[in-house]
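A.B. asks: Submitted below is the structure of interest, expressed as structure tokens.
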Amino acid sequence: MHVRNTRSALLPLVALLLMITTPATVHAVDGNAIYLANEGVLVTHGDTKIAFDPIFRNGFGQYLLLPENLETALFAGTAPFDGLDGVFISHFHGDHFSPSDMISLMRSLPELLLFAPAQAVMAMRQEGDISELMGRIQQVSLEYQEAPVQIEIDSLLVEAIRIPHSGWPESRLDVENIAWRVTLDDATTVLHLGDADPREVHFSNDPEFWQRNQPQAAFPPYWFLGSRSGREILEQRVGARASIGIHVPIQIPADPLQRPPELRAADLFTNPGESRRIRHAE
Ligand SMILES: [Zn+2]
Ligand SMILES: [Zn+2]
6 MHVRNTRSAL LPLVALLLMI TTPATVHAVD GNAIYLANEG VLVTHGDTKI
56 AFDPIFRNGF GQYLLLPENL ETALFAGTAP FDGLDGVFIS HFHGDHFSPS
106 DMISLMRSLP ELLLFAPAQA VMAMRQEGDI SELMGRIQQV SLEYQEAPVQ
156 IEIDSLLVEA IRIPHSGWPE SRLDVENIAW RVTLDDATTV LHLGDADPRE
206 VHFSNDPEFW QRNQPQAAFP PYWFLGSRSG REILEQRVGA RASIGIHVPI
256 QIPADPLQRP PELRAADLFT NPGESRRIRH AE
């Protein structure tokens, strides 16, 4: 009798716990990714917002630039950029980053944090005195195969690892290309790979790093999705639930059937403003 009473008293508590952990509750706070241009992506989870490689001036005739309406909204801090918490720079190349525009953006948005490789911060310093901005800049300086860096600020868990720029091992070895794995609100984890080289060797020496925080969404340059080794890295090393290709040249169309065969099955960002829901559960 005593045991039965205890069980019935516990039932409402068990029911409450089930409600709290039900997948439907998780779905209600899915993240979202909006494509900007080239490797620019805006990621949101609730009120937490970050942007990767949002402002640059050189498309080399091959890549899209940020459309004017999105640029205006970015600098004004209006939707979809309202409440933008942080900007992440993959590397200092002109199709990802503009030092003078990054300075202007930080002056326009006085709460904005910047996470960037030292090479990019150096380029900003060469534009003039930015000492008043340094308190909001998190600069990472990493060598190839050096242990990843972890930074926790407000609602962001930031992990940075240097993955060589495409062209490895022949060229661009000096470029500090940072892969940023960022968790928003302890909930949505995304990985932005910059212009990473798609070889297994860059991802195989630290399996524990890749396994401990697998992203719901990865944003690899499209060449990962067009190569077998790139796809295997995303699925088996990185453990990404979904991958959306970025850095897509303008001659590769949105229509999968019109693409080169190796890219027909890939999910690619091709139209600025298009978005993907970042799902937490199946
Ligand atoms: Zn590059
Ligand atoms: Zn690039």
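Under the working numbering, the first residue of the sequence shown is numbered 6, with each subsequent residue one higher. Ideal placement from N, C-alpha and C gives every residue a C-beta, glycine not left out.
#1: Looking at C-beta atoms only, is the number of pairs between the segment 219-226 and the segment 151-162 that lie closer than 8 Å three or more?
#2: Taking 8 Å as the threshold, find out whether the segment 239-256 comes into contact with the segment 205-224 through three or more Cβ pairs.
#3: The alpha helix (DSSP H) with Leu110 in it runs from where to where?
#4: Say yes only if the C-beta of Asn276 is nearer than 8 Å to one or more non-hydrogen atoms of ligand 1, and no if none qualify.
#5: At which residues does the alpha helix (DSSP H) containing Val154 begin and terminate?
#6: Have a look at the DSSP bridge pairing and note the partners of Glu164.
#7: Tell me which same chain residues have a C-beta within less than 8 Å of the C-beta of Ala201, skipping the five on either side of it?
#8: Let me know the secondary structure DSSP gives Ser234 once reduced to three states.
#9: So, with DSSP's three-state summary, where would you put Leu75?
#10: Please identify the residue among Arg186, Arg141, Ile283, Ile55 whose C-alpha is closest to the C-alpha of Glu155.
#11: Below 8 Å, is the gap between the Cβ of Gly199 and the nearest heavy atom of ligand 1?
#12: Is there contact between the segment 83-90 and the segment 130-144, where contact requires at least three CB pairs shorter than 8 Å?
#13: Can you tell me where the alpha helix (DSSP H) with Arg284 in it begins and where it stops?
#14: Flag Asn218 as yes when its Cβ comes closer than 8 Å to any non-hydrogen atom of ligand 1, and as no otherwise.
#15: Does the segment 105-116 come into contact with the segment 190-201, if we say contact requires no fewer than three beta-carbon pairs (one atom in each stretch) closer than 8 Å?
#16: Are the beta-carbon atoms belonging to Ala128 and Phe102 less than 9 Å from one another?
#17: My output table needs one value for Gln150: the three-state DSSP class, helix, strand or coil.
#18: Assuming Ala271 contacts Gly250 under a Cβ cut-off of 8 Å, what Cβ separation, rounded to an integer in Å, is found between them?
#19: Would you kindly work out how many angstroms separate the C-alpha atoms of Gln256 and Gln263, rounded to a whole number?
#20: Is it true that the CB of Pro258 sits closer than 9 Å to the CB of Leu2?
#21: CA-CA distance, Leu47 and Ile55?
#22: Do Ala121 and Ile108 have their C-beta atoms within less than 9 Å of each other?
#23: State the start and end residues of the unbroken alpha helix (DSSP H) segment that holds Pro212.
C.D. replies: This is what the structure gives:
#1: no
#2: yes
#3: 104-113
#4: no
#5: Unbroken run through Val154 is the beta strand (DSSP E), 154-158; no alpha helix (DSSP H).
#6: Gln155, Arg186
#7: Ile168, Pro169, His170, Ser171, Asn182, Ala184, His207, Pro225, Pro226, Phe229
#8: helix
#9: helix
#10: Checking the sequence shown, residue 155 turns out to be Gln, not Glu. With distances taken between Cα atoms, Gln155 lies closest to Arg186.
#11: yes
#12: no
#13: Run containing Arg284: none; DSSP gives neither H nor E here.
#14: no
#15: no
#16: yes
#17: coil
#18: 5 Å
#19: 10 Å
#20: Outside the displayed span of the chain (6 to 287) sits residue 2, for which this structure offers no information.
#21: 6 Å
#22: no
#23: 212-216
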